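Protein chains in written order, with our numbering: chain Z, 21 to 156; chain X, 893 to 1137.
Structural data, given as structure tokens:
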């Protein structure tokens, strides 16, 4: 990423050791990573960042779950284009949303956290970010 | 800022209880797997390797405690088992728990202060007392920021002895606490209004507290929360009678 502005990934994850691993892996891939341990912190960080390239979002968070962050992103035209990766231990089939409904939330990939490898997650995130036009 | 638009709340599957429980059990396993994958991917120093191995061991212990608590709770409910009641030194139990979660607390530069005053002996089932206190203290650590303090106090009021775990983290609202108390809320309520990652451990703690003849209450604070785990200082026979499902 020499000569280019670093793109920012917001990682919303309350398990601090998991967040640390993925932060390190994404930073090694050239991203700037801001970690938010709960929904309100995620909303504050999104408000604060200039160039959010992608949001990686856990669904089960303390106090308010990940859907409150999705609602916040999709409620305002400025943020609707930010691609979202769901990063959760909840199996996708246990959340009764169609692919179309996920798409309306801006979700481009549902990663079941327990079955993915950090290496593959980073590759997929890079592919998504490289494919998307700049946001914010 | 552009105008906000409304969106429909999504529905979780009807098997919400099992979903949330499965998630809670998957959580420590995913952490263990992720830490191991990190070590696999990265050449790193012996100190970092040691740190991650300690994290793996600690998380495995956390998962095992959760499994045991769930199994004990279901076993007790099905069998109508009596409590195994003996004198319990709450200070010893609290100190054991603090020692157990010390790796997690030290890493995050948090502190746990135990105030030893106002402590009276209780008769209870130490297995479950320990489980409740472990859940409360671990929760307090997990949902507090780095460097924040956690305080454990004791209080005797009339025939009751309480253990109070105070944190200064993001806190639990009374609304969320009520949802947890009803086993994550009604099945037909949407995920967005219902489940959070606090749920199962605190729900188990509340059930165990009541099984012990006591109760678990939340005191909301301006900053953080205070969970009050109250136990009756009763005769052994009375405690057994109070603890029957």
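Where a beta carbon is used, it is the ideal one built from N, C-alpha and C, also for glycine.
This one's a predicted model, so the numbers in the text were calculated from it and none came from an experiment.
Considering residue i, what are the terminal residues of the alpha helix (DSSP H) in which it resides?
i: residue 96 of chain Z; result: Run containing residue 96 of chain Z: none; DSSP gives neither H nor E here.
i: residue 130 of chain Z; result: Element bounds for residue 130 of chain Z: not the alpha helix (DSSP H) but the beta strand (DSSP E), 127-132.
i: residue 995 of chain X; result: 994-999
i: residue 1028 of chain X; result: 1018-1034
i: residue 1062 of chain X; result: Neither: residue 1062 of chain X is in no alpha helix (DSSP H) and is coded neither H nor E.
i: residue 145 of chain Z; result: 138-151
i: residue 41 of chain Z; result: 36-48
Look up residue i in the DSSP assignment and give the residues it is bridged to.
i: residue 932 of chain X; result: DSSP output for residue 932 of chain X lists no bridge partner at all.
i: residue 29 of chain Z; result: Z:53 and Z:74
i: residue 69 of chain Z; result: Looking at the DSSP assignment, residue 69 of chain Z forms no beta bridge with any residue, so it has no partner.
i: residue 1107 of chain X; result: X:1122
i: residue 1015 of chain X; result: X:979
i: residue 108 of chain Z; result: Z:132
i: residue 1112 of chain X; result: X:1117
In chain Z, which residues lie with their C-beta within 9 Å of the C-beta of residue i?
i: residue 947 of chain X; result: 37
Please look up how many angstroms separate the CB atoms of residue i and residue j, rounded, as I've assumed it's under 8 Å.
i: residue 1026 of chain X; j: residue 989 of chain X; result: 5 Å
i: residue 1024 of chain X; j: residue 1097 of chain X; result: 5 Å
i: residue 1125 of chain X; j: residue 1051 of chain X; result: 5 Å
i: residue 32 of chain Z; j: residue 89 of chain Z; result: 6 Å
i: residue 133 of chain Z; j: residue 922 of chain X; result: 5 Å
i: residue 1064 of chain X; j: residue 1044 of chain X; result: In fact, because the Cβ distance is near 17 Å, the residues do not count as touching under 8 Å.
i: residue 127 of chain Z; j: residue 106 of chain Z; result: 6 Å
i: residue 141 of chain Z; j: residue 131 of chain Z; result: 6 Å
i: residue 145 of chain Z; j: residue 926 of chain X; result: Wrong, their Cβ atoms sit about 15 Å apart, outside the cutoff.
i: residue 1123 of chain X; j: residue 1053 of chain X; result: 5 Å
i: residue 1055 of chain X; j: residue 1103 of chain X; result: That pair is no contact at about 16 Å.
i: residue 93 of chain Z; j: residue 86 of chain Z; result: That pair is no contact at about 10 Å.
i: residue 28 of chain Z; j: residue 73 of chain Z; result: 6 Å
i: residue 77 of chain Z; j: residue 104 of chain Z; result: 6 Å
Taking the beta strand (DSSP E) that residue i falls in, what are its first and last residues?
i: residue 1059 of chain X; result: 1052-1059
i: residue 101 of chain Z; result: Premise fails: residue 101 of chain Z is in no beta strand (DSSP E) and is neither H nor E.
i: residue 1043 of chain X; result: 1041-1049
i: residue 1003 of chain X; result: 1003-1006
Give the interface partners of residue i over in chain X, defined as CB-CB distance under 8 Å, in chain order.
i: residue 138 of chain Z; result: 926, 929, 930 and 933
i: residue 41 of chain Z; result: 926, 927, 929 and 930
Residue i touches chain Z at which residues, Cβ-Cβ below 7 Å?
i: residue 919 of chain X; result: 35 and 109
Along chain Z, in chain order, which residues have C-beta atoms closer than 8 Å to that of residue i?
i: residue 923 of chain X; result: 35, 37 and 38
Please report whether the beta-carbon of residue i lies at a distance below 9 Å from any beta-carbon of chain C.
i: residue 951 of chain X; result: Chain labels in this structure do not include chain C; the protein chains are Z and X.
Pull out every residue of the segment 991-1022 of chain X whose Cβ sits closer than 8 Å to any Cβ of chain Z, in chain order.
-> 1000
Return the residues of the segment 57-78 of chain Z that lie within a Cβ-Cβ distance of less than 7 Å from chain X, sorted by chain order.
-> 58
Name, going along the chain, the residues of the segment 1092-1119 of chain X whose beta-carbon falls closer than 8 Å to a beta-carbon of chain Z.
-> Residues are counted here when their Cβ sits less than 8 Å from a Cβ of chain Z; for the segment 1092-1119 of chain X the count is zero.
Against chain X: residues of the segment 114-141 of chain Z by CB proximity under 8 Å = 114, 115, 116, 117, 121, 124, 125, 133, 134, 137, 138 and 139
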